[in-house]
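Reviewing the structure listed below.
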Amino acid sequence: MSKTVITYGTFDLFHIGHLRLLQRCKALGDKLVVAVSSDEFNSTKGKATIIPYAQRAEIVQNIKCVDIVIPEYSWDQKKEDIRHHRVDIFVMGDDWRGKFDELAQYCQVVYLPRTSGVSTTALKGFLHTTGYNESNQPFESS
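Going by our numbering, the first residue of the sequence shown is number 43, and it counts up by one from there.
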């Protein structure tokens with residue numbers, strides 16, 4: 043019997059931690075659905091992205107272990123995504139431990155450890171301290 047896994051993330055400045063998370067998610071099942079947070083949703087969370095949504099979604103869609111990419115527009119869509127994609131396992135990084143336990147009534151909920159030594163927040167901090175100016179984004183939406 044095949045198992046469908048779903049995970050959510052912004053996947054800005056895609057790095058080895060993102061790749062390893064997606065690989066570990068896929069190892070839990072046969073089909074991996076990845077919800078990439080839209081720019082608008084990130085804005086409501088107070089998060090600014092460097093890479094526009096369309097490019098982040100395209101990058102994630104082209105990762106070998108990813109089967110389907112969907113947009114994430116709100117916190118509330120997770121139950122519907124689980125139902126619609128017939129998800130067996132919901133996965134998030136362990137920095138979210140306990141935040142999605144209520145989804146256990148719909149599927150198994152798993153929190154995986156983060157890859158140590160790398161994070162998008164740290165990368166953005168480095169860019170900031172080295173003079174990167176977010177108002178002069180080098181990436182265009184296309």
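Even glycine gets a Cβ: it sits at the ideal position worked out from N, Cα and C.
Practice problem: Give every residue of the same chain whose Cβ lies closer than 7 angstroms to the Cβ of Leu154, excluding the five residues on either side of it in the sequence, and list them in chain order. | Solution: Leu63, Arg66, Val133, Gly135 and Asp136
Quiz item: Thinking C-beta only, is Ala77 closer than 8 angstroms to Thr130?
Solution: Looking at the sequence provided, one finds Asp at residue 130 rather than Thr. No. Outside cutoff.
Quiz item: Is Tyr50 closer than 8 angstroms to Ser79 when the C-beta atoms are compared?
Solution: yes
Quiz item: For Ala146, which of helix, strand or coil comes out of DSSP?
Solution: helix
Practice problem: Quick one: using the 10 Å Cβ neighbour count with 16 as the cut-off for buried, is Lys120 buried or exposed? | Solution: buried
Practice problem: In angstroms with no decimal places, state the Cα-to-Cα distance between Ala96 and Leu61. | Solution: 18 angstroms
Quiz prompt | Secondary structure of Lys68, DSSP reduced to three states | solution = helix
Practice problem: Identify the continuous beta strand (DSSP E) that holds Phe132 and give its terminal residues. | Solution: Ile131 to Gly135
Self-check item: Three-state secondary structure (DSSP) of Glu182
Solution: Reliability of the predicted coordinates at Glu182 is poor, the pLDDT of 47 falling under 50, and the value obtained from them is presented with this limitation in mind. Three-state DSSP puts Glu182 in coil, outside helix and strand.
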